[in-house]
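**Student:** Its first residue numbered 86, the sequence shown is counted upward by one per residue in the numbering used here. This is the structure, below, for whatever I ask next.
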Amino acid sequence: MVRGSPLNSNSPPAVVTSALTRRFGDRIAVDALDLRIERGVFFGLIGSNGAGKTTLIKMFTTLLPPTSGSARVAGFDIVHEARQVRRRIGYVPQLISADAALTGRENLSLFAKLYGIERVERAGRIDDALDFMALVDVGDELVRTYSGGMIRRLEIAQALLHRPAIVFLDEPTVGLDPVAKHSVWDRLRDLRTRFGTTVLLTTHEMDEAEALCERIAIMHQGRLVALGTPEELKSATGQDATMDDVFVHYTGKAIDARGTYRDVARTRRTTERLR
Numbered sequence: 086m087v088r089g090s091p092l093n094s095n096s097p098p099a100v101v102t103s104a105l106t107r108r109f110g111d112r113i114a115v116d117a118l119d120l121r122i123e124r125g126v127f128f129g130l131i132g133s134n135g136a137g138k139t140t141l142i143k144m145f146t147t148l149l150p151p152t153s154g155s156a157r158v159a160g161f162d163i164v165h166e167a168r169q170v171r172r173r174i175g176y177v178p179q180l181i182s183a184d185a186a187l188t189g190r191e192n193l194s195l196f197a198k199l200y201g202i203e204r205v206e207r208a209g210r211i212d213d214a215l216d217f218m219a220l221v222d223v224g225d226e227l228v229r230t231y232s233g234g235m236i237r238r239l240e241i242a243q244a245l246l247h248r249p250a251i252v253f254l255d256e257p258t259v260g261l262d263p264v265a266k267h268s269v270w271d272r273l274r275d276l277r278t279r280f281g282t283t284v285l286l287t288t289h290e291m292d293e294a295e296a297l298c299e300r301i302a303i304m305h306q307g308r309l310v311a312l313g314t315p316e317e318l319k320s321a322t323g324q325d326a327t328m329d330d331v332f333v334h335y336t337g338k339a340i341d342a343r344g345t346y347r348d349v350a351r352t353r354r355t356t357e358r359l360r
């Protein structure tokens with residue numbers, strides 16, 4: 086991997102939206118959202134199930150067209166310049182994307198071909214990705230033998246092969262045990278520090294948002310209800326407030342996102358089939 090291009094004052098924001106809206110029949114999943122995310126930041130998007138987080142990510146990654154409004158990602162319109170957007174982003178969805186019947190290296194090779202990486206560069210890119218995600222020792226083992234945290238790190242490696250400017254992560258540590266979760270956190274911090282990549286993640290975990298994110302947006306019923314740094318949000322909520330307090334203050338409810346890795350994997354597959 087190589088460092089991304091240096092940021093400059095003329096660079097467009099990583100993401101900017103204007104009245105971005107997505108409806109499913111009579112239900113409004115994302116409601117006239119105005120949002121600006123500068124390049125090079127670690128940005129968190131939090132909210133309970135059904136808040137609109139995944140729908141928003143799918144619009145940003147061109148997988149779902151907006152009903153109305155507009156958004157630009159890496160300077161390109163998500164509808165009219167979708168191909169340009171896709172060339173500049175990486176995406177790790179909730180649905181498990183690694184093939185359990187292949188080795189980690191074989192999964193990366195497949196993604197390298199899908200991204201159109203030149204044959205002469207593939208081996209080096211794959212070796213770099215395995216090294217960066219601390220997967221060298223298991224790169225030639227079947228993914229079905231991996232732990233949940235190793236699978237997640239492999240999926241992030243897949244999303245980074247083409248060296249994107251922006252990476253979208255939809256609940257990257259959901260269902261992982263604390264050790265695996267912190268291992269993924271370490272890799273994400275390295276990604277942000279070493280390559281200057283803009284990272285946008287959705288999460289149910291308040292400790293994850295506070296530990297990783299420089300800025301946090303809270304969504305509730307499709308709307309943006311709060312935006313700021315973790316310290317700003319806690320200060321606005323009250324003395325000695327925690328991020329859990331912040332979430333309850335702005336949404337009126339507490340997050341409950343429990344379950345084993347197997348439970349979460351099953352839920353991901355079921356949810357994807359039903360959409």
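Every residue, glycine too, gets a C-beta built ideally from N, C-alpha and C.
Can you give the beta carbon distance from VAL170 to ALA159, rounded, assuming they're within the 8 angstroms contact cut?
**Tutor:** That belief holds up - the Cβ atoms of VAL170 and ALA159 are roughly 6 angstroms apart, short of 8 angstroms.
**Student:** Report the rounded CA-to-CA distance for ALA167 versus ASP325, giving the unit in angstroms.
**Tutor:** If I take the Cα positions, the gap works out to 44 angstroms.
**Student:** Using the three-state DSSP reduction, which class does PRO91 fall into: helix, strand or coil?
**Tutor:** Its pLDDT being 41, under 50, PRO91 is placed unreliably in this model, and the value from its coordinates should be taken loosely. It is coil, neither helix nor strand.
**Student:** Please list the terminal residues of the continuous alpha helix (DSSP H) segment that includes ILE142.
**Tutor:** Here the alpha helix (DSSP H) through ILE142 covers 138-145.
**Student:** Compare the beta carbon distance of LEU246 and ALA208 with 9 angstroms and say whether it is the shorter of the two.
**Tutor:** Not in contact: LEU246 and ALA208 (Cβ atoms no closer than 9 angstroms).
**Student:** Excluding the 5 residues flanking SER47 on each side, which residues of the same chain have their C-beta closer than 6 angstroms to its C-beta?
**Tutor:** As shown, the chain starts at 86 and ends at 360. That puts residue 47 outside it, with no answer to give.
**Student:** For GLY175, tell me which candidate among THR322, THR283, SER320 and VAL331 has the shortest Cα-Cα distance.
**Tutor:** Nearest of THR322, THR283, SER320 and VAL331 to GLY175, Cα basis: THR283.
**Student:** In the DSSP assignment, find the alpha helix (DSSP H) that holds ALA321 and state where it starts and stops.
**Tutor:** Taken as a continuous stretch (DSSP letters only), the alpha helix (DSSP H) holding ALA321 covers 315-322.
**Student:** Tell me where the beta strand (DSSP E) around THR283 begins and ends.
**Tutor:** Where THR283 is concerned, the enclosing beta strand (DSSP E) stretches over 283-288.
**Student:** Would you mind sorting PHE128 into buried or exposed? The rule is 16 or more other CB atoms within 10 Å of its CB.
**Tutor:** Under this definition PHE128 is a buried residue.
**Student:** Less than 9 angstroms separating the beta-carbons of LYS266 and THR258?
**Tutor:** Against a cut-off of 9 angstroms, the Cβ pair of THR258 and LYS266 comes out as a contact.
**Student:** Relative to the C-alpha of ARG190, which candidate in LEU227, PHE280 and THR327 has its C-alpha closest?
**Tutor:** Selected option, being the one with the closest Cα: LEU227.
**Student:** Closest by CA to ASP111, which one among GLY337, THR152, ASN134 and GLY234?
**Tutor:** For ASP111, the nearest C-alpha among the options comes from THR152.
**Student:** Going by C-alpha to C-alpha distance, which of VAL205, THR140, ARG124 and ARG274 sits closest to LEU105?
**Tutor:** Selected option, being the one with the closest Cα: THR140.
**Student:** Please identify the residue among THR146, ASP162, GLY137 and PHE109 whose C-alpha is closest to the C-alpha of PHE253.
**Tutor:** Of the listed residues, the one whose Cα sits closest to PHE253 is THR146.
**Student:** What would DSSP say about LEU120, mapped onto helix, strand or coil?
**Tutor:** Of the three classes helix, strand and coil, the one that applies to LEU120 here is strand, per DSSP.
**Student:** Measure the C-alpha to C-alpha separation of MET291 and ALA321 and round it to an integer number of angstroms.
**Tutor:** Approximately 16 angstroms between the Cα atoms of the pair.
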